[in-house]
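To start, the structure under review is shown below, and the notes come after it.
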Amino acid sequence: MTNPEPDVTAILTATPGRAGELPAAAPGPRARLLEAVHRLSAHVHQDLSPGARRHLLALDAARHGDRALAARIIAAPVPDEPPAAWGVEWATGSQVGSAMSTTLTGHHGPVMAAVTTELDGRPHLVTLSVVDDEDFDDEEAEDEGAVRVWDLTTGEQVGAPLTYHYEGVHSLAAVELDGRPHLVTVRRGGSGLVWDLTNRDIVGELQAGHSVAEIAATVLDGRPHLVNVGRQGDVGLWDLTTRTLVGRPATGVAERTEALAAAQVDGRPHAVTGDRDGVVRLWDLTTREQVGEMVTGTRMPVKCAATTLVDGRPHAVTGGGDEALRLWDLTTCEQVGRPMTGHRAYVEAVTTVVIDGRPHAVTGGGDGTARLWDLTTCEQVGEPVAVHENAVMSVATADIDGAVHVVSGCQDGTVRVSNLTGGSPGDPQAGHTDHVSAIAQVGIDGRSYAVTGGEDGTLRLWDLDAGAPAGEPVETHQSTVWAVAPVTIDGRPHVVTGGVDSTVRLWDPDTREQVGAPMTDEDPVWSLTAVEIDGRPHAVTGRTDGAMTVWDLTTGTRVGTPMTGHDEVVRSVVATRLDGRPHVVSGGGDGTLRLWDLTTREQVGEPMTGHAYQVLTIAATTIGGRPHVVTGGDGTVRLWDLTTREQVGAPMTGHTAAVVSVAVMELDGRLHAVSGGGGSDGTVRLWDLTTREQVGRELRFPSGIRCLSVLPGGRVMVGFGYEVAVLARL
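Mapping the sequence shown onto the UniProt record's numbering, position 459 (from 1) lands on 459, and the numbers just tick up by one.
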């Protein structure tokens, strides 16, 4: 007999992260999926009301590939709340990860270090955040160098942060002293503190005599020691029992050493260091001499190192700027096998763990992923364990209730704890492997499709009726695809794209092939629109230098000289018609809105001002037979009459961060604007353009909105993080 479906209403009120509050009446895969959905964005919805939480949970169900569950969650009644106004038709799950995870929040800056230990018989995590005072407000700057302790069984922070150091903690290590768990924290200047984690008392101080870049725990003559590598090229050793330096530091280490790990080689303690020139060095800590050198051959920095035993022999694992992981035999000082590749940016962190008797490495990369590697085969194990919004700066592992978990600390201050046992339930649909940056809708043979561009350099075609990719992604620009617009050429639908590589490209979405050679501009293309001039298809592109270029898409050539006026990057541009002539409206980093006549390629009138800073997005519409535009950028949505070049009414307010995307749609016979808030806002809002008031509740997303587009049938496609989702009006 099949298990009954679990009661979805419970997750609307259950405390995020506490599986015990979820319904237990339906054990098995369905209940596990419900728990995974509940946990995925718990750090976002934990403070939301059940009504606001409903949309986000439905979205996460769709991200797990279960559209039926998403529909059931949306339909779930919430006391004293109206029925949901929007449903989630489908979504990608690129950032769901291959393991069920929980997210910990509290840090304001990048989580640069993470170590695990056991406290009172329970697994705990210690994390370090480093904040630049110049980049954060006073409250956030107080977190600079803050160390937080977490109970991994409950997922809750234990006590207040440890923030004793004046200059801020730079490195940390977990050690055992006298049978009790201790923590060593070291600040940039080289002084350190030893903490008893049981009572959170400082029990000793350390002085290195030089600045310290990294530290690592080891054992020498049966006593706990701490290796430190200095920014001046010294390797020192602290005896943690006496809290003193042992002998003279080893010299000769390259300056700006960034990686350090400890190992036992032939029964003697050694240190492994990695420097910015791609050299890995082995040091005998007893003699303080270098005994080996391993060269990556890339001249790229070695950012991280860890050690383990492979087939009973000591090995080091290193990662760095070449985006690869390397395994080194420390007995022979030779590389084992080929470099392990998979990350698409620097490998920022590495640790090792034994799983089922086999040595593995866990890595964190600048591409936002945490990955698992089998060091016996030198191959990646499955899909990324976790996919973050920003770079992963630290990794650790822990045993929680008998299951191996991966801890990944992110540049955005979040920490994810991922269970490797059993993987993530559901069947997430793959999508972009980096942030989605642009969306356009096209029709092919009577069916509706969407084309998306991303920071992964790909262009992807989506069948909107099937809710699935249409073919393989197209490798397009050499880097980020910033802009995509639909255009018709010779009666066939095409898309035109612009990217960081300073090119404009024309594509046939039906064949997924580029048409003609790339059109090369002088500067990266941040925005573009398609427009008809004298009956021929053209594109107008906005550049980082504030200029705009007009392109004839039939010939693939530039038309005239660039149009200039903006003082900063042209972040948005849209086509319209005024008095029967083709025009474009541009929005710049200088906060101005400008109208251009494409027949003369001259600016019309003075700039329109009102936004406090960058105009990030523009959508064109017609109201009362007159051309208007809707704009966003400074947290407000604004309506402008292009005939008078004046703002219509007061700004529409509600977003708490920059409005990065707007579109216009008709609902119930009235024009509405749809807006997406970036960064910490992460909401989609609907505005009645007649009253200029928000309609209904905002829809919360797990991260900042990147782009959105209106689709046929009253639907909206939203790009957020690496994902896309299609919402439908109910």
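We treat Cβ as the ideally placed atom computed from N, Cα and C, and that holds for glycine.
Model, not experiment: these values are computed from the prediction.
Here's a check: name, in chain order, each residue in its chain whose Cβ is nearer than 7 Å to the Cβ of residue i, leaving out the five neighbours to either side.
i      : result
Gly97  : Pro384, Val385, Ala386, Val387, Ser418, Ser424
Thr298 : Gly278, Asp322
Asp284 : Arg268, His270, Val291
Ala84  : Arg54, His55, Ile74, Leu730
Using the Cβ count rule (16 or more neighbours within 10 Å means buried), how would you classify residue i?
i      : result
Thr241 : exposed
Glu472 : exposed
Asn199 : exposed
Asp138 : At Asp138, the pLDDT of 47 sits below 50, so the modelled position is not reliable and the matter cannot be decided from this model.
Thr555 : exposed
Tyr722 : buried
Thr653 : exposed
Ile202 : exposed
Gly535 : exposed
Ile683 : Note that residue 683 is Thr in the sequence shown, not Ile. With 16 or more other Cβ atoms within 10 Å, it is buried.
Thr564 : exposed
Pro314 : buried
Thr561 : exposed
Tyr346 : buried
Val219 : exposed
Leu667 : exposed
Please classify residue i: does DSSP put it in a helix, a strand, or coil?
i      : result
Val347 : strand
Leu375 : coil
Gly560 : strand
Thr529 : strand
Gly34  : A quick correction: the sequence has Leu, not Gly, at residue 34. Helix at Leu34.
Pro224 : strand
Asp60  : helix
Ala24  : No answer about Ala24 holds up, because its pLDDT of 46 lies below 50 and its placement is not dependable.
Val126 : strand
Pro359 : strand
Leu40  : helix
His583 : strand
Arg512 : coil
Leu642 : coil
His55  : helix
Thr631 : strand
According to DSSP, residue i sits in a beta bridge with which residue or residues?
i      : result
Asp284 : His270, Glu289
His538 : Val531, Asp552
Ser418 : Ser101, Val406
Val695 : Answer is none; Val695 lacks a bridge partner.
Met717 : Ser709, Val726
Ser661 : Gly676
Glu176 : Pro181
Going by the CB atoms, is the gap between residue j and residue i shorter than 8 Å?
i      : j      : result
Val659 : Thr617 : yes
Val317 : Leu330 : no
Thr127 : Ala42  : no
Ala361 : Thr307 : no
His583 : Asp567 : no
Leu420 : Val404 : yes
Gly357 : Val392 : no
Ile400 : Pro123 : yes
Trp526 : Arg505 : no
Leu578 : Pro509 : no
Ala343 : Ser94  : The residue asked about is misnamed: residue 343 is His in this sequence, not Ala. For His343 and Ser94, no; Cβs fall outside 8 Å.
Thr414 : Leu104 : yes
Val724 : Val718 : yes
Gly589 : Val111 : no
Gly704 : Gly669 : no
Ala438 : Gly453 : yes
Ala213 : Pro224 : no
Ordered along the chain, which non-local residues of its own chain (more than five positions away) have a Cβ less than 6 Å from that of residue i?
i      : result
Arg276 : Arg256, Pro301
Ala146 : Ser129, Pro161, Thr163
Met1   : Confidence is the limiting factor: at Met1 the pLDDT is only 45, short of 50, which leaves the residue's position unreliable and the question unanswerable from this model.
Ala25  : Because the pLDDT of Ala25 is 42, which lies under 50, any placement of that residue in the model is unreliable, and the number read from its coordinates should be weighed accordingly. So the list is empty, once near-sequence residues are dropped.
Asp367 : His343, Arg344, Ala345
Pro712 : Ser448
His38  : Ile11
Please check if any C-beta of chain D sits within less than 8 Å of the C-beta of residue i.
i      : result
Gly498 : Checking the listed chains, one finds no chain D in this structure; it contains a single protein chain.
Apart from the five residues on each side of it in sequence, which residues of its chain come closer than 8 Å, Cβ to Cβ, to residue i?
i      : result
Asp221 : none
Thr116 : Pro123, His124, Leu125, Val126, Leu152, Ala174, Ala396, Thr397, Ala398, Val407
Val573 : Ser527, Leu528, Thr529, Val540, Thr541, Gly542, Met548, Val584, Val585, Ser586, Gly587, Ile618
Glu606 : Arg645
Pro77  : Thr9, Pro83
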